[in-house]
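Worksheet for the structure shown next.
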Amino acid sequence: MWLAGEASGDALASLVIPPVKRAMDGALQFGIGGEKMRAAGLSVWHDASVLSVRGYVEVLKKLPQLLMLRRDVIRTAETVRPKVFIGVDAPDFNLAIEEKLRKSGIRTVHFVSPSIWAWRPERIHAIKRSVDHMLLVFPFEKAIYDAAGIPSTYIGYPMAEGIPMKPDTHGARQRLGLEPRGPVFAVLPGSRYDEIRWNAPVFFETAREVLKAEPHSMFLIPASDEARRTQIVQALGGFREVAEHVILFSGRSHDVLEACDAALIASGTATLEAALYKKPMIVGYKMPALSSLIIQSKGNTSFVSLPNILEQKRVVPEFLQYFAEPQYMAASLLDQLNPARREHLEEVFTELHQSLLRDTATLASQAILDTIGGAA
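Count along the sequence shown from 1, add 32, and you get the number used in our numbering.
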């Protein structure tokens, strides 16, 4: 039984479902996931979009629906008794389920450690109660779990295998049918409703400022699904001069990142994917003030973007909350076109890419099967 709550988790789990299913002689893989997990062989019970929410205030609005879904998942799992429950990311939702199921004798695996090294380190205690085995995507996490006595396996970052060490920018532009006359920027305001609601306006204001300096600029926007595509189109309605320079895609975020000269990205896994494509970027993020204050109070790191966290230094400019000013963001985005900066970042991101390469599918599926084998 699998449970992924957002687009990034859907993509990660889709790489592991096929080898697990093969190793289990075709046993049913079912649960909550998105289009990629469905294509990989998951029998989808609920779509992952039901969990697409971020921020304390936003979660409170959907709390009754989320609690009902959680009770339904637990009740179904305790009835069906799957060989293993695999929670993919979404720790605030999945860990509570995993703790309950583990107490009932169902083995639990959690895929992608919560960012306890960045904020809310006290969650390690809940993880120890909830998880039989943790699958880690970053190498430095292993020491944390070893010290806590929690079984874990470093499986590498799954996307690192599928992204070329040397990106083919020209080839990606041909695949997308692009014939640019100026700089090409990827714009990724997020994959959730609330992310786009808060980030899209400031991102499009930034694009408007960029056009003043580079009037032939092109902005590529990949929408994670049709609902987000509609939302982006609506947001662009207030930026007609920007909309004329925008090409909107359904999915194809990797092609968009490979095709761009630089990227404007909301904080999240897309920042690491851009780094794997060796692309200069700036990171912007806005959310309701109360959610931001709560998150800051529990923070344990100076950075929010994964490239900066992994490098433990500011290699990528971050513009957060009140500092997300379009004029400054546009100047920084244009600065990413500097050849010397691009060359430096390519070296940094190539080393990062190499550190994240492992045979992820094999390592993950073997850890899952070992966990099943260890069941009473």
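Just so it is clear, CB atoms sit at the ideal spot from N, CA and C, and this is done for glycine as well.
Please read these numbers as outputs of a predicted model, since none were measured by experiment.
If you draw a straight line from the alpha carbon of residue i to that of residue j, how long is it in whole angstroms?
| i | j | result |
| --- | --- | --- |
| Glu173 | Pro247 | 44 Å |
| His78 | Asn370 | 46 Å |
| Cys292 | Gln206 | 12 Å |
| Lys132 | Pro146 | 18 Å |
| Ala179 | Asp124 | 22 Å |
| Ala232 | Ile279 | 15 Å |
| Val336 | Phe355 | 14 Å |
| Tyr186 | Arg54 | 22 Å |
| Met56 | Phe251 | 45 Å |
| Leu99 | Ser364 | 42 Å |
| Thr4 | Gly188 | Coverage of the chain is limited to positions 33 through 408, which leaves residue 4 absent and any answer about it impossible. |
| Val216 | Gln353 | 25 Å |
| Ile182 | Val219 | 39 Å |
| Val76 | Pro212 | 40 Å |
| Ala109 | His165 | 18 Å |
Sort the options by Cα distance to residue i and report the nearest one.
| i | options | result |
| --- | --- | --- |
| Ser223 | Ala399, Tyr177 and Pro254 | Pro254 |
| Ile264 | Val288, Pro171 and Pro221 | Pro221 |
| Ala39 | Phe235, Ile156 and Gly66 | Gly66 |
| Ile341 | Ser184, Val315, Asp42 and Tyr186 | Val315 |
| Phe236 | Gly270, Glu258, Leu210 and Asp226 | Gly270 |
| Phe62 | Val116, Ser184, Arg102 and Gly209 | Val116 |
| Leu74 | Ser46, Pro96 and Leu83 | Ser46 |
| His157 | Glu276, Leu127, Pro171 and Phe143 | Leu127 |
| Arg260 | Tyr360, Thr238, Met361 and Asp226 | Asp226 |
| Pro50 | Met33, Met69 and Ala307 | Met69 |
| Lys311 | Val144, Arg374 and Gln344 | Arg374 |
| Ala362 | Arg102, Thr238, Glu130 and Gly137 | Thr238 |
Report yes if the CB atom of residue i is closer than 8 Å to the CB atom of residue j, and no otherwise.
| i | j | result |
| --- | --- | --- |
| Trp151 | Ile176 | no |
| Val242 | Lys318 | no |
| Ser162 | Arg134 | yes |
| Ala399 | Leu167 | yes |
| Met313 | Ala298 | no |
| Gly58 | Val120 | no |
| Ala240 | Val274 | Note on identity: in this sequence residue 240 is Arg, with Ala being the wrong assignment. Against a cut-off of 8 Å, the Cβ pair of Val274 and Arg240 comes out as a contact. |
| Ala80 | Ala43 | no |
| Ala204 | Ile228 | no |
| Leu366 | Ala245 | yes |
| Pro199 | Glu258 | no |
| Leu308 | His385 | yes |
On the CB-based measure, 16 or more other CB atoms within 10 Å of its CB, does residue i come out buried or exposed?
| i | result |
| --- | --- |
| Gly87 | Note that Gly87 has pLDDT 47, beneath the 50 cutoff, so the model's placement of it is unreliable and the number below is only indicative. Gly87 is buried by the Cβ-count criterion. |
| Ala407 | Bear in mind that the predicted position of Ala407 carries a pLDDT of just 46, short of 50, making it unreliable; the figure below should be weighed with that in mind. Per the 10 Å Cβ criterion, exposed. |
| His202 | exposed |
| Ala396 | buried |
| Gln409 | This structure does not reach residue 409, given that the chain is present from 33 up to 408, and the question cannot be answered. |
| His142 | buried |
| Met197 | exposed |
| Pro114 | buried |
| Asp104 | exposed |
Is it the case that the CB of residue i approaches a heavy atom of the ligand ATP more closely than 7 Å?
| i | result |
| --- | --- |
| Gln263 | Within the structure as shown, the ligand ATP is missing, as the structure has no ligands at all. |
Q.
Under 8 Å: do the segment 276-284 and the segment 339-352 share three or more Cβ pairs, one atom per stretch?
A. no
**Q.** Three or more C-beta pairs below 8 Å linking the segment 379-399 and the segment 193-200
**A.** yes
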